[in-house]
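J.:
Number of protein chains: 2
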Amino acid sequence: MRLSKKERQKKLIRELEADPFLTDEQMAKLCNVSIQTIRLDRMELGIPELRERIKHMAEKNFDQVRSLSPQEVIGEVIDLQLDKSGVSILEIRKEHVFERNGIARGHYLFAQANSLAIGLVDAEIALTAAAEIRFVRPVRLGEKCMAYAKVVEVQSSRTKVEVQTKVNNEVVFYGLFEVYRTEEDQLAKEER
Amino acid sequence: MRLSKKERQKKLIRELEADPFLTDEQMAKLCNVSIQTIRLDRMELGIPELRERIKHMAEKNFDQVRSLSPQEVIGEVIDLQLDKSGVSILEIRKEHVFERNGIARGHYLFAQANSLAIGLVDAEIALTAAAEIRFVRPVRLGEKCMAYAKVVEVQSSRTKVEVQTKVNNEVVFYGLFEVYRTEEDQLAKEER
DNA sequence: CCACATTCTAATACCAAGTACTAATAGCAG
DNA sequence: CTGCTATTAGTACTTGGTATTAGAATGTGG
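Protein sequences, first through last, are from chains Y and B. Sequential numbering from 0 applies to the first sequence in numbering that gives the first Met the number 0. Sequential numbering from 0 applies to the second sequence in numbering that gives the first Met the number 0.
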């Protein structure tokens with residue numbers, strides 16, 4: 000049986016979320032309707048064509064900060080001065096929170112801060128060695144977490160980074176990270 | 000003056016690195032040659048067409064987004080005695096490591112330990128309040144992390160949980176978590 | 001049951017950014 | 001002049017669409 004228009008459009012949205020690389024033809028087969036119907040649906044729903052969707056995704060990726068591969072950062076880095084300071088934003092979405100109470104799981108806040116701290120360090124390889132953290136108040140669904148990081152100490156092979164995460168200027172998380180760093184040749188040496 | 004073939008090809012590579020969204024036509028204008036010449040160059044250099052390049056970037060991006068939301072618990076809990084102790088396993092897969100060096104990102108180890116610590120606490124709601132952690136040695140792709148947690152102290156509204164994560168019986172991570180707990184009615188009261 | 005609306009399908013012309021291929025031209029080297 | 005490389009030109013075809021028009025199928029109210 001064929002779905003109603005509304006249901007089909009809902010289905011379309013779901014399918015595209017799961018796989019945004021679907022062509023109209025593939026979607027038509029999935030829904031058992033003609034290609035034209037799918038195009039009309041896309042119009043109504045304001046969904047751009049395959050190539051535009053792909054381009055968008057690619058651009059989002061490309062716009063990010065150069066020096067560190069952006070896939071390795073949780074949260075969007077909006078400012079970064081290597082070995083000095085940085086800022087990143089993470090919007091708390093439903094995949095970040097406990098279903099029960101809508102409070103963000105601590106490890107996402109940690110991940111944001113940790114990624115930023117590591118991204119700050121100007122070295123071939125940077126790894127967290129230790130950290131001391133405090134979750135000052137629970138963060139809830141929909142809140143935007145701004146993490147401010149600054150380097151507070153540089154030693155021979157360690158950098159200390161302090162991160163404060165705020166929601167509406169209110170501190171929600173605090174962390175002191177000790178980041179271990181190496182240049183590639185040095186690591187190669189160690190590997191032997 | 001027009002560049003030599005070699006120089007033009009070098010230039011092409013540079014330009015595409017700076018802006019991978021260039022069409023053949025735009026590149027032709029940049030180099031002051033015909034579109035066909037650019038296509039021949041791309042052939043020789045093994046550079047795919049614009050759409051393929053964009054698609055590649057988008058796919059890379061998409062895979063990350065996916066791996067970034069390991070929904071529920073991180074690591075599989077294999078033993079749990081509420082308010083006493085627990086064990087969980089996490090196998091380090093490629094979505095957990097830095098592409099560059101195959102070392103696990105700290106926040107995954109943290110997430111495993113944090114989730115276990117919270118799971119241990121027998122309360123309606125349990126949230127991490129603070130933690131002190133040490134990454135003892137880097138963990139690599141393919142290694143199985145066994146996290147052992149035990150409650151070390153119970154106060155009126157706080158529980159302290161110690162977590163040790165081992166790979167082949169060798170400690171790789173240590174964490175002391177302070178978990179804040181509440182019963183639902185209590186939290187409701189606070190909300191007011 | 002008819003009339004009309006909604007929904008769907010079909011068909012056509014067109015576009016961007018290509019691939020794949022053939023052929024022609026320019027410039028220079030031996 | 002012949003041969004070779006580099007370059008340009010042109011044609012047919014491809015994908016994944018847009019935009020538009022027309023017609024068919026289905027449902028709904030009066």
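Think of the CB as a built atom: it goes at the ideal place given N, C-alpha and C, for glycine as much as any other residue.
1. Is I124(B) close to chain Y? Criterion is C-beta to C-beta, closer than 9 Å.
2. Closer than 8 Å between beta carbons: that is the criterion. Which residues of the segment 131–160 of chain Y meet it against chain B?
3. Going by CA-CA distance only, name the one from E98(Y), F97(Y), R180(Y), I91(Y) that's closest to L126(Y).
4. Tell me the DSSP secondary structure of T36(Y) in three-state form.
5. Touch check for the segment 82–90 of chain B and the segment 35–51 of chain B: three-plus C-beta pairs under 8 Å?
6. What residue does the alpha helix (DSSP H) around A78(B) start on, and which one ends it?
7. Can you list, in chain order, the residues of its chain whose CB lies under 6 Å from that of L67(Y), leaving out five sequence neighbours each side?
8. Using only CA atoms, which one of K165(Y), D23(Y), I37(Y), L175(Y) lies nearest to K159(Y)?
9. Check the DSSP bridge columns for A27(Y) and list the partner residues they point to.
10. Under three-state DSSP, which class holds A110(Y)?
11. Just the Cα atoms here: how many angstroms apart are K5(B) and A57(B)?
12. Would you tell me roughly how many angstroms separate the C-alpha atoms of L21(B) and K9(B), rounded to the nearest one?
13. Can A146(B) and G101(B) be called in contact, C-beta distance under 9 Å?
14. Mapping DSSP to helix, strand and coil, what is G141(B)?
15. Does the Cβ-Cβ distance between A129(B) and E131(Y) come in under 9 Å?
16. Does the segment 31–40 of chain B come close enough to the segment 26–38 of chain Y that 3 or more CB-CB pairs lie under 8 Å?
17. Within 9 Å of any Cβ in chain Y, is that where the Cβ of V76(B) sits?
T.: Taking the geometry as given:
1. Here the question's residue 124(B) lines up with position 125 in the second sequence. Yes, contact with chain Y.
2. From the segment 131–160 of chain Y, only E131, I132, R133, F134, P137 have a Cβ closer than 8 Å to chain B.
3. Taking the first sequence and counting its residues from 1, the one referred to as residue 126(Y) is at position 127. When only C-alpha atoms are compared, the closest one is R180(Y).
4. Position 37 of the first sequence holds residue 36(Y). Here T36(Y) sits in helix by DSSP.
5. no
6. Numbered from its first residue, the second sequence carries residue 78(B) at position 79. Residue 78(B) is actually Asp in this sequence, not Ala. In the DSSP annotation of this structure, D78(B) is not part of any alpha helix (DSSP H); the continuous beta strand (DSSP E) holding it starts and ends at 75–80.
7. Residue 67(Y) sits at position 68 when you count from the first residue of the first sequence. Any reading at L67(Y) is ruled out, since the residue's pLDDT is 33, under 50, leaving its predicted position unreliable.
8. For the purposes of this step, residue 159(Y) is identified with residue 160 of the first sequence, where counting begins at 1. Among K165(Y), D23(Y), I37(Y), L175(Y), the Cα nearest to that of K159(Y) belongs to L175(Y).
9. Indexing the first sequence from 1 puts residue 27(Y) at position 28. BP columns for A27(Y) are empty, so no partner.
10. Counted from its first residue, the first sequence places residue 110(Y) at position 111. In the structure shown, A110(Y) sits in a helix (DSSP, three-state: H, G or I).
11. Locating residue 5(B) in the second sequence gives position 6, counting from the first residue. Locating residue 57(B) in the second sequence gives position 58, counting from the first residue. Using only the alpha carbons, I get a separation of about 30 Å.
12. Numbered from 1 along the second sequence, position 22 holds the residue referred to as residue 21(B). Numbered from 1 along the second sequence, position 10 holds the residue referred to as residue 9(B). Taking the straight line joining both Cα atoms gives about 15 Å.
13. Locating residue 146(B) in the second sequence gives position 147, counting from the first residue. Locating residue 101(B) in the second sequence gives position 102, counting from the first residue. Contact flag unset, no.
14. On the second sequence, residue 141(B) is found 142 positions in, with the first residue counted as 1. Coil, per DSSP.
15. Sequence index remark: in the second sequence, residue 129(B) carries index 130 (1-based). Sequence index remark: in the first sequence, residue 131(Y) carries index 132 (1-based). Cβ atoms of A129(B) and E131(Y): closer than 9 Å.
16. no
17. Here the question's residue 76(B) lines up with position 77 in the second sequence. No, V76(B) does not count as interfacial toward chain Y.
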